[in-house]
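Read the structure below first, then the notes.
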Amino acid sequence: MFPFPKSTVLGYPRIGPRRELKRVLESYWDGRATRAELDRAGAEIRDRTWRRLAELGLEGLPSNTFSLYDQVLDTAVLLGAIPERYRAAEDPYFAMARGTEGLAPLRMTKWFDTNYHYIVPEIGPDTVFKLDAGKPLGEVREARALGFETRPVVLGPVTFLLLGSALDRLDDVLGCYEELLGALAAEGVEWVQLDEPALVGDRTPEELAAVRAAYERLGAVRARPGLFVASYFGDLGEALPVLAGTPVEAIGIDLVRGGVPAADLTGKTVVAGVVSGRDVWRTSPERALAALAAVRASRVVVSTSCSLLHVPYDVEAEPELDPALRSRLAFAEQKVAEVVALAAAGFHGPAPAGPSVALSGPVVAEGRGPYEVRAAAQAEHLRLPALPITTIGSFPQTGELRAARAAVAAGTLTPEEYERRVEAEIERAIRVQERLGLDVLVHGEPERNDMVQYFAEHLDGFAVTRNGWVQSYGSRCTRPPILHGDVGRPSPITVRWTTYAQSLTDKPVKGMLTGPVTIVAWSFVRDDLPLRDVVFQVADAVREEVRDLEAAGVPIIQVDEPALRELLPLRRAAQVEYLEWAVAAYRRATSGASDRTQIHTHLCYSDADEILAAIDGLDADVTTIESARSGARILGAVETFGRGLGPGVYDIHSPRVPGSEEVEELLRRTLRVLPVERVWVNPDCGLKTRTYEQVEAALANVVAATRKLRAEL
Ligand code: GLN
Ligand code: ZN
Numbered sequence: 015m016f017p018f019p020k021s022t023v024l025g026y027p028r029i030g031p032r033r034e035l036k037r038v039l040e041s042y043w044d045g046r047a048t049r050a051e052l053d054r055a056g057a058e059i060r061d062r063t064w065r066r067l068a069e070l071g072l073e074g075l076p077s078n079t080f081s082l083y084d085q086v087l088d089t090a091v092l093l094g095a096i097p098e099r100y101r102a103a104e105d106p107y108f109a110m111a112r113g114t115e116g117l118a119p120l121r122m123t124k125w126f127d128t129n130y131h132y133i134v135p136e137i138g139p140d141t142v143f144k145l146d147a148g149k150p151l152g153e154v155r156e157a158r159a160l161g162f163e164t165r166p167v168v169l170g171p172v173t174f175l176l177l178g179s180a181l182d183r184l185d186d187v188l189g190c191y192e193e194l195l196g197a198l199a200a201e202g203v204e205w206v207q208l209d210e211p212a213l214v215g216d217r218t219p220e221e222l223a224a225v226r227a228a229y230e231r232l233g234a235v236r237a238r239p240g241l242f243v244a245s246y247f248g249d250l251g252e253a254l255p256v257l258a259g260t261p262v263e264a265i266g267i268d269l270v271r272g273g274v275p276a277a278d279l280t281g282k283t284v285v286a287g288v289v290s291g292r293d294v295w296r297t298s299p300e301r302a303l304a305a306l307a308a309v310r311a312s313r314v315v316v317s318t319s320c321s322l323l324h325v326p327y328d329v330e331a332e333p334e335l336d337p338a339l340r341s342r343l344a345f346a347e348q349k350v351a352e353v354v355a356l357a358a359a360g361f362h363g364p365a366p367a368g369p370s371v372a373l374s375g376p377v378v379a380e381g382r383g384p385y386e387v388r389a390a391a392q393a394e395h396l397r398l399p400a401l402p403i404t405t406i407g408s409f410p411q412t413g414e415l416r417a418a419r420a421a422v423a424a425g426t427l428t429p430e431e432y433e434r435r436v437e438a439e440i441e442r443a444i445r446v447q448e449r450l451g452l453d454v455l456v457h458g459e460p461e462r463n464d465m466v467q468y469f470a471e472h473l474d475g476f477a478v479t480r481n482g483w484v485q486s487y488g489s490r491c492t493r494p495p496i497l498h499g500d501v502g503r504p505s506p507i508t509v510r511w512t513t514y515a516q517s518l519t520d521k522p523v524k525g526m527l528t529g530p531v532t533i534v535a536w537s538f539v540r541d542d543l544p545l546r547d548v549v550f551q552v553a554d555a556v557r558e559e560v561r562d563l564e565a566a567g568v569p570i571i572q573v574d575e576p577a578l579r580e581l582l583p584l585r586r587a588a589q590v591e592y593l594e595w596a597v598a599a600y601r602r603a604t605s606g607a608s609d610r611t612q613i614h615t616h617l618c619y620s621d622a623d624e625i626l627a628a629i630d631g632l633d634a635d636v637t638t639i640e641s642a643r644s645g646a647r648i649l650g651a652v653e654t655f656g657r658g659l660g661p662g663v664y665d666i667h668s669p670r671v672p673g674s675e676e677v678e679e680l681l682r683r684t685l686r687v688l689p690v691e692r693v694w695v696n697p698d699c700g701l702k703t704r705t706y707e708q709v710e711a712a713l714a715n716v717v718a719a720t721r722k723l724r725a726e727l
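Under my numbering, think of the first position of the sequence shown as 15, with each following residue one higher.
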């Protein structure tokens, strides 16, 4: 077996340093670019990546980490798992990813605890697996033509099947992997990386047996490359001895999220992930070197904790960042340099100084009375009809508004003129809601580019980047803010917009805030404080905003936590503790409000049933939640929910306008499981991505259905 190179990374960003892939993909989808242009752009990104990694001194270059859409979808194609209905499409790959006129796309969901989304493999009992190794072999050859030997990266069989809920098909799939190993060996490939992130979650004895069977069998392939099984996003736990007992030659261990394994791994190569692929901070060389020294194995290779897919390309592309902050940052390029430096002997640079550490204060005592007391005070104060109708917060974001925001940033529009335009949008949203007959109005959030970035821009302790894009799914990228210091709220953020909206109407207007867990989940967060403490700092800032909104006479305040579930740890043992502090942070943010101020929250995922108890623990007076999109499945679990609840009555993700009978039917089903005094009527989520035309038609039907039911009460 060839020795494993001394330094490597598990994967690299692929959208392009200036989002080149995004642009060409979207042009291709619109018919403005040809397939040849798309392929050329992909080749340029791969070429640039290999050259850059080699220039930086990295020894083990990965290949097949590029994807036109998603690496899980690529694996499905590699194994021939293309559902029959897509085969006739003009472009089956993008048909599965995005759907076509007549075909819905495959399901998409979050990749472990990241904000990256993968395409869920659809595997049935009659899926016929058949290897199509064109992509990995093509990349190996392409790199070789440029003078680089590479290690193809492929999703491993166990994780692939677990993601597709089809572990029973292991035998069939392993046939393809065996064939792939043979083909790679014939190509002269020395090492292959099989990613198995699913092994860091809780695995049953049967699943661990599948791991053993899979790698015994692949290890037994006679002519094959070295097998490198990469785990990431946590501790391998019981899966480590299982893997170590198979013939795989190298095991990748995430030493940032998990500890140094106590096990003696002599006989194996350990690819030690000491440079974090999940944050934007420079690595402490002392800590990394200590971890590397503590690993007991025949060979220790320096690596990243996971693919660098989850961080932006280059700190050098951020000249506007404060130099003190910049010196603490490492994006993909800088992380590769760190891996190389750690692998080279004699790296003894000083650790960058961290920010002053401020521990959070004691948890504020609960200020609010019990739900029943508050509900009575609010009923008296708000005088809402039965089945009150509201929305989730955002109204359609028009192109003109986005253009105005860009213009004010570029200095071609005055801030005063911009504010006037925002006010005009608020007025438009208010008039529409009044005319339709909604009960609790919103200002529509026209001032926000994004529900997290907007708050990050107005809080101390956050920085926003210019080019720090991270792929979210397909061509979609986000620019997560960087939470680098102590959080503070220098002045009120939302009060002026909410009070402006309230000045236009006699109906109650609810103030709209993003919750502390969500702000933190969608940012890159400082690593010198426990996450919990950082979340509490943000909670305090939100608490101040709640206080100011209340003081300005805002009667209802919504604090959104759509990311509550996203931060849920992968292992059950850690979930209870997380939910405890996450819920406590939410209460800290909201418990300063008086009993008669109604607190709403909003969450948006269909599998909320599993954390419903935690949602109840948030103690919000009203919770609005996505429901219609998943066929109102959540109604089966809400009977015990003790507060106001608005299971969404229509799916906002599609342009389709729901009929009033459809809304009525959903409301009737809701009323069968919840007492009428606690039921709210609202869409599944914010309306930002829809047009006014769609929104007005849909809400008119919602109002009609609600009125019909009210008349029957
Ligand atoms: N208030 C936000 C909106 O309506 C909530 C968005 C979300 O749930 N992600 O846009
Ligand atoms: Zn939502």
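No residue lacks a Cβ here, since even glycine has one placed at the ideal position from N, Cα and C.
A quick note: this is a predicted structure, and the numbers were derived from the prediction, not measured.
DSSP three-state assignment for residue i, whether helix, strand or coil
i, result
"Ser-245", "coil"
"Ser-608", "coil"
"Gln-447", "helix"
"His-667", "coil"
"Leu-181", "helix"
"Arg-523", "Note that residue 523 is Val in the sequence shown here, rather than Arg. The answer is strand: DSSP assigns Val-523 an E or B state."
"Gly-196", "helix"
"Thr-513", "helix"
"Cys-190", "helix"
"Thr-412", "coil"
"Leu-518", "coil"
"Val-484", "strand"
"Lys-144", "coil"
"Trp-295", "strand"
"Thr-705", "coil"
"Val-6", "Limits of the chain in this structure are 15 at one end and 727 at the other, which puts residue 6 out of reach."
"Trp-536", "coil"
"Ala-577", "coil"
"Ala-379", "Low confidence applies here, because Ala-379 scores a pLDDT of 43, under 50, leaving its location unreliable and the question unanswered by this model."
"Trp-694", "coil"
"Pro-171", "helix"
"Lys-124", "strand"
Buried versus exposed, by CB contacts within 10 Å (16 or more), residue i
i, result
"Thr-89", "buried"
"Arg-419", "buried"
"Glu-431", "exposed"
"Glu-387", "Here residue 387 is Val; the residue named in the question, Glu, does not match the sequence. Label assigned to Val-387: exposed."
"Phe-18", "buried"
"Ser-489", "buried"
"Leu-92", "buried"
"Pro-530", "buried"
"Phe-550", "buried"
heavy atom of the ligand GTP below 6 Å from residue i C-beta
i, result
"Pro-399", "No copy of the ligand GTP appears in this structure; the ligands present are the ligand GLN and the ligand ZN."
Close beta carbons around residue i, own chain, < 6 Å, minus the five adjacent residues each side
i, result
"Leu-398", "Asp-453"
"Val-289", "Thr-297, Thr-318, Lys-349, Glu-352 and Val-353"
"Asp-84", "Tyr-132 and Ile-133"
"Leu-198", "Val-206 and Pro-239"
"Gln-485", "Ile-29 and Cys-491"
"Tyr-229", "Thr-260 and Val-262"
"Ser-21", "Leu-72, Glu-73, Val-316, Val-353, Val-354 and Ala-357"
Cβ neighbours of residue i in the same chain (closer than 8 Å, five flanking residues each side left out)
i, result
"Ala-588", "none"
Contact set for residue i: own chain, Cβ-Cβ below 7 Å, skip 5 residues either direction
i, result
"Phe-126", "Pro-211, Phe-247 and Leu-584"
"Ala-718", "Ser-674"
"Val-14", "No answer is possible for residue 14: the residues shown for the chain start at 15 and end at 727."
"Asn-463", "Arg-419"
"Glu-437", "Tyr-514"
"Leu-339", "Ala-477 and His-498"
Cβ of residue i within 7 Å of any chain D Cβ
i, result
"Val-556", "Among the chains of the structure shown, chain D does not appear; only one protein chain is present."
With three or more C-beta pairs closer than 8 Å as the rule, is the stretch 655-673 touching the stretch 705-715? yes
With a cut-off of 8 Å, do at least 3 Cβ pairs link the stretch 74-90 to the stretch 21-32? Yes, since at least three Cβ pairs between the stretch 74-90 and the stretch 21-32 fall closer than 8 Å, the two stretches touch.
Quick check: the stretch 99-117 against the stretch 149-156, are at least 3 beta-carbon pairs closer than 8 Å? no
Looking at C-beta atoms only, is the number of pairs between the stretch 454-469 and the stretch 408-415 that lie closer than 8 Å three or more? yes
With three or more beta-carbon pairs closer than 8 Å as the criterion, would you say the stretch 225-244 touches the stretch 179-193? yes
Could you tell me whether the stretch 607-620 touches the stretch 568-579, using the rule of 3 or more Cβ pairs below 8 Å? Taking 8 Å as the limit for Cβ pairs, the verdict is that the stretch 568-579 does touch the stretch 607-620.
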